[in-house]
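Participant:
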Amino acid sequence: MKLSRQLVLLMLGVIVLLLIVSLAISFNNTKQFVENQMFSHAQDAATSLGMSASTAMKDNDEIIARTLVDAMFHAGDYQQVKVFDVHNRLLVDRSLDVKVEGIPGWFISLVELELPMGEAIVMDGWSQAGKIQVISHPGYAYRKLWSALIDTFKGFIISTLVILLVSLYLLKRVLYPLTQIESQAIAISNRKFDPIDPVPETIDLKRIVEAMNNLANKVSQMLKDADERAQQLRDKIHRDEVTGLSNRQHFNEVLEHRMMSSDSSKQGVLALIQLYEFKKFNDEHGFVAGDELLNKTAQALESALDGMQSMHIAHLSGASFAVFAENMSCVNADSLAKSLSSALTTLSGQRPGYMDVGHIGIACFDGGQTVTELLSMADAALRDAQIDSANSWSVYQQHADESLAIRTASQWREYIEMALDNDWLVLIKQAVFRTDNKAVLHEEVYLRLLEDGDPLRMMHAGMFMPMVQSLGLAASVDRKVIEKALLMLSDDHDGLLAVNVSPVSLDDDDFVNWLDNKLLETKDVAGKLILEFPEYGIVKKLDRLKSLQQRLAPTGVQFSLDHFGRGFTSFAYLQSLDLQYLKIDGSYVFELKADSENSFYIRGLTEIAHGLDIIVIAESVESEIVWNILPELKVDAGQGYYLAKPA
Amino acid sequence: MPIAMLLVSLVIAEGLGLNDKIIDWVGKKYGTEAKQRAENWRSLLETELSLEQDKLKRVNDFFNEIPYRDDFENWDSKDYWATPIEMIGVNAADCEDYAIAKYFTLRDMGVPSEKLRITYVKAIEINQAHMVLAYYHKPDAIPLILDNLKPDIRSADKRSDLVPVYSFNAEGLWLSVNRGSGKRLGNASKVKLWSALREKMKKELDQ
């Protein structure tokens, strides 16, 4: 039973007890009062009748005396009038039955009124002629008692109701913090750690609330600490201490994954950047100045590439930096080189006396090279540039690959719009398997473009999505993909489907409205849809994502982040999102070894995610070795060519 | 005195309950002469007399010793009914004080209530409303009159100076006159009468 109900019942009990006691007391008082009144009335009547009769007796007129008695009896409210002579013989007896109208019979039979008798003497001169006994009629007394009882009862019911209402209100106010504590406890189990504010004034409740606030604080702090430790571990493994960019090891992993993984787009551009005579600069100006130059270089490269999709910048060693432009066509290598080169020239002020800041060597990846081969190609190009001229660049020349149609931006727009109109966009699915029983957790759908509608010429999303995004067509494509996925779900699809959504689409209010309506329309299957966002694109739009999550909450749609770990962002935001899945970027998984630093990182990440009730999935599981390591790292599920190819 | 005994004495006591303590009080409040009068009163109460005639005479004589004084000068109140203790204490009385004191003393000495009546009369010689105690040895008898105007007890038919107006059973009358704050004392029982009287006497002595 609720505490408030118990208190109310207790109070009600006390009030009813009070009611009974005070009813009894007031009833008894009234009863005594009316009995006294009845006695007074009877005694007064007896006395006055005795006096009148005595006067009559003086004249020896017994008839008049009897008439007086009758007159008195008929005019007044008496139950009985008796006259006795001096020898106690009954001379006159006038009596009425006790009949009271308007009062329930049970009340009269229950309440026994004492009927007091008034007595007076009838004198005949000095002699006593007899006596008169009078009993008042109890009707008035009963009525008085009854109405007093009813009035008291009414008054009590009213005041009881008032007291109850007031105390219910007060109780509710006093006990409100209990409700708050309850919701806080629920919130804590949902990883929300807001304190209760204001703290209630009732001392006991205040203590509980303070303890709860403390607890919420502690748990939140513990989670934050765990986040930080995992972050530090990741940074130690993957980040260069001076510049904060990826280090050589991480960059190699990224290259390995992007180039070798089966689901990569098989195209990209690698640029190696080397500062000119950095060792000499270091010797002349010292390490501090050298480190500062490296930092400035990193910043210049980052700002040159800002806004471009899928760029990986690394500080490989000493004077060497590298950029890998994933999915970039070789056609754009020159423009990439130009922007990098102009970034370098902004640094010339940092090195007085040196016109030459550094050189850039570029190599294109077309799916045919290994990582080592590509690096050597870029290295050869770099040497060309170094002997060429100050701040120059060079692109490694290979036989030109004409297999891909080269399109200008406006040609791309036309082509993509044609693809949308002609429904050349198709979805293929790849299953995600649980690590414990290899059951299918859900399937992720990937977008492919059928070139000229030819089902045999499927274009990888990596080849056209960068264009789609830069042309502002992302929302249109996302709509198409979501529509198709929902159709698949309505079409008796077993299990859940994850679709990739472009972060830029979140900025499109029309798209968000459309999505909300669409999901509400298809509410029976919306709960089986997972919206997946890439981590590196979404961290800058967390507010948009949060408001989208709130808005779509009624539809039951789920949320996932993929390519997690590609950027070096903090984990703290995970707490503020309502995520069901988190997919670890393939660069951590692709060549995962047991007891490696990456496996420690994954282990830490899964612990944090599990603390937030998030299911962790490994991307790019392409070997049995990796698949077998995952359960030890508490990874819940995996996807990749080893498990199932997209189809 | 243990409380239990006190309670028992209160419940069963019927009578004036005159004791050393009260007499000491009277001495303290009204002086040694008053105390002597109270002692005399007690010895009168304790006198064993078998004949009611004798009781009447002794009581009538005892109280007629106390000089008459009007209510008005005595008690600053026109119609004040003193208790016997006050009357003995201040050594002055009004006509109703005589009748009441005689009534209570006789009752205490064992004369039944049915034989005693307080009678309102008109005293012709002084042309005043007056009050006497009447004694009926049987219900239809001509009563004997105990009066302070004529100190000896006479039969009513020998009292042509008095015109009877009306008689009361003294008990109900006394309770009625002394009702506190307008509240009647209810159906007068004997115990109630005596306890009310004792209570009033105690109050008077405490003042």
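So the protein sequences, as listed, match chains A and B.
In the numbering used here, each residue carries its 1-based index in the first sequence increased by 1325.
In the numbering used here, each residue carries its 1-based index in the second sequence increased by 3.
For each residue, glycine too, the CB sits at the ideal point set by N, CA and C.
1. Between the region 1431-1446 of chain A and the region 1382-1396 of chain A, are three or more C-beta pairs nearer than 8 angstroms?
2. State the start and end residues of the unbroken alpha helix (DSSP H) segment that holds residue 1680(A).
3. Drop a sphere of 10 angstroms on the beta-carbon of residue 1501(A), count the other beta-carbons inside from all chains shown, and report buried for 16 or more, exposed for fewer.
4. Which residue from 208(B), 205(B), 197(B), 57(B) puts its Cα closest to that of residue 103(B)?
5. Per DSSP, what kind of secondary structure is residue 162(B) in: helix, strand or coil?
6. Assuming residue 1559(A) is part of the alpha helix (DSSP H), what are its boundary residues?
7. May I ask which residues mark the beginning and end of the beta strand (DSSP E) holding residue 1418(A)?
8. Can you pull the chain A neighbours of residue 159(B), defined as C-beta to C-beta under 7 angstroms?
9. Taking C-alpha atoms, which residue in 1430(A), 1522(A), 1365(A) lies nearest to residue 179(B)?
10. Using C-beta distances below 8 angstroms, list every residue in its chain close to residue 1349(A), excluding the 5 sequence neighbours before and after it, in chain order.
11. When you compare the CB of residue 145(B) with every CB in chain A, is at least one pair closer than 8 angstroms?
12. Would you please verify whether the beta carbon of residue 1368(A) is less than 8 angstroms from any beta carbon of chain B?
13. Between the region 1368-1381 of chain A and the region 1442-1460 of chain A, do three or more beta carbon pairs fall short of 8 angstroms?
14. Grab the span of the beta strand (DSSP E) containing residue 1718(A) for me, first residue to last.
15. Residues bridged to residue 1461(A) by DSSP?
16. Quick one: is residue 1851(A) buried, meaning 16 or more other Cβ sit within 10 Å of its Cβ, or exposed?
17. For residue 151(B), does the count of other Cβ atoms within 10 angstroms reach 16, so buried, or fall short, so exposed?
18. At least one CB of chain A closer than 8 angstroms to the CB of residue 29(B): is that the case?
19. Report the option in 1515(A), 1506(A), 1440(A), 1818(A) whose CA atom is closest to the CA atom of residue 1980(A).
20. Is it buried or exposed, residue 1703(A), if we count other Cβ atoms within 10 angstroms and call 16 or more buried?
21. Can you round the beta-carbon distance between residue 140(B) and residue 118(B) to whole angstroms, since I take them to be within the 8 angstroms contact cut?
22. Do residue 1705(A) and residue 1685(A) have their C-beta atoms within less than 8 angstroms of each other?
23. With DSSP collapsed to three states, give me the class of residue 122(B).
24. Between residue 125(B) and residue 168(B), which are expected to be in contact by the criterion C-beta below 8 angstroms, what is the C-beta distance as a whole number of angstroms?
25. Under the rule that 16 or more other beta-carbon atoms within 10 Å means buried, what is residue 1654(A), buried or exposed?
26. Do residue 1937(A) and the ligand HEM come close, with the Cβ less than 7 angstroms from some heavy atom?
27. Where in the region 1455-1510 of chain A do unbroken runs of the alpha helix (DSSP H), each at least 4 residues long, occur, reported from the N-terminal end onward?
28. Quick one: what's got a C-beta closer than 6 angstroms to residue 1591(A)'s C-beta in the same chain, skipping five residues either side?
29. Would you mind sorting residue 1791(A) into buried or exposed? The rule is 16 or more other CB atoms within 10 Å of its CB.
30. Can you name the residues of chain A whose CB is closer than 7 angstroms to the CB of residue 139(B)?
31. Can you round the beta-carbon distance between residue 1829(A) and residue 1799(A) to whole angstroms, since I take them to be within the 8 angstroms contact cut?
32. Please go through the same chain and pick out, in chain order, the residues whose beta-carbon is closer than 8 angstroms to the beta-carbon of residue 1822(A), but skip the five residues on each side of it.
33. Tell me, please, which residues DSSP counts as bridged to residue 1594(A).
34. Using 8 angstroms as the limit for Cβ to Cβ distance, is residue 187(B) near chain A?
Facilitator: So, to answer that:
1. In short, these stretches do not touch, since the Cβ pair count stays below three.
2. Taken as a continuous stretch (DSSP letters only), residue 1680(A) belongs to no alpha helix (DSSP H), as it is neither H nor E.
3. Within 10 angstroms of the beta-carbon of residue 1501(A) lie fewer than 16 other beta-carbons, which makes it exposed.
4. Distance check between residue 103(B) and each of 208(B), 205(B), 197(B), 57(B) places 197(B) closest, using alpha-carbon atoms only.
5. It is coil, neither helix nor strand.
6. In this chain, the alpha helix (DSSP H) harbouring residue 1559(A) covers 1528-1563.
7. For residue 1418(A), the uninterrupted beta strand (DSSP E) segment begins and ends at 1415-1420.
8. For residue 159(B), the C-beta contacts it makes with chain A under 7 angstroms involve 1451, in order along the chain.
9. When only C-alpha atoms are compared, the closest one is 1365(A).
10. Result list for residue 1349(A): empty, nothing under 8 angstroms.
11. By this cut-off, residue 145(B) is an interface position.
12. Yes - at least one Cβ of chain B is within 8 angstroms of the one on residue 1368(A).
13. Using a Cβ-Cβ distance cut-off of 8 angstroms, the region 1368-1381 of chain A and the region 1442-1460 of chain A are in contact, since at least three pairs of beta carbons, one from each stretch, lie closer than that value.
14. Element bounds for residue 1718(A): 1718-1720.
15. Partner(s): 1403(A).
16. With 16 or more other CB atoms across the displayed protein chains lying within 10 angstroms of its CB, residue 1851(A) is buried.
17. Residue 151(B) should be labelled buried.
18. Residue contact check for residue 29(B) against chain A: no CB pair falls below 8 angstroms.
19. With chain A covering only 1326 through 1972, there is no way to say anything about residue 1980(A).
20. Counting other Cβ atoms within 10 Å of its Cβ, residue 1703(A) reaches 16 or more and is therefore classed as buried.
21. Yes, residue 140(B) and residue 118(B) are in contact; Cβ-Cβ is about 7 angstroms, under 8 angstroms.
22. No. Outside cutoff.
23. Reduced to three states, the DSSP call for residue 122(B) is strand.
24. Contact flag correct, Cβ pair sits at about 6 angstroms.
25. A residue is called buried when at least 16 other Cβ atoms come within 10 angstroms of its Cβ; residue 1654(A) meets this threshold and is buried.
26. Of ligands this structure carries none, so the ligand HEM is not represented either.
27. Listed in chain order, nothing qualifies, since the region 1455-1510 of chain A has no complete alpha helix (DSSP H) run of 4 or more residues.
28. Once the five neighbours on either side are set aside, the close Cβ partners of residue 1591(A) are 1692.
29. Counting Cβ neighbours within 10 Å, residue 1791(A) comes out buried, since at least 16 surround it.
30. Chain-order list of chain A residues neighbouring residue 139(B): 1453, by C-beta distance under 7 angstroms.
31. Between residue 1799(A) and residue 1829(A) the Cβ distance is about 5 angstroms, and since that is below 8 angstroms, they are a contact.
32. The answer, listed in chain order, is 1754, 1767, 1768, 1769, 1770, 1810, 1813, 1814, 1853, 1854, 1855.
33. Bridge partners of residue 1594(A): 1650(A), 1689(A).
34. With a pLDDT of only 42 at residue 187(B), under 50, the local geometry of the prediction cannot be trusted, and the value read off the model is given with reservation. Yes, residue 187(B) lies at the interface with chain A (some Cβ there is under 8 angstroms from its Cβ).
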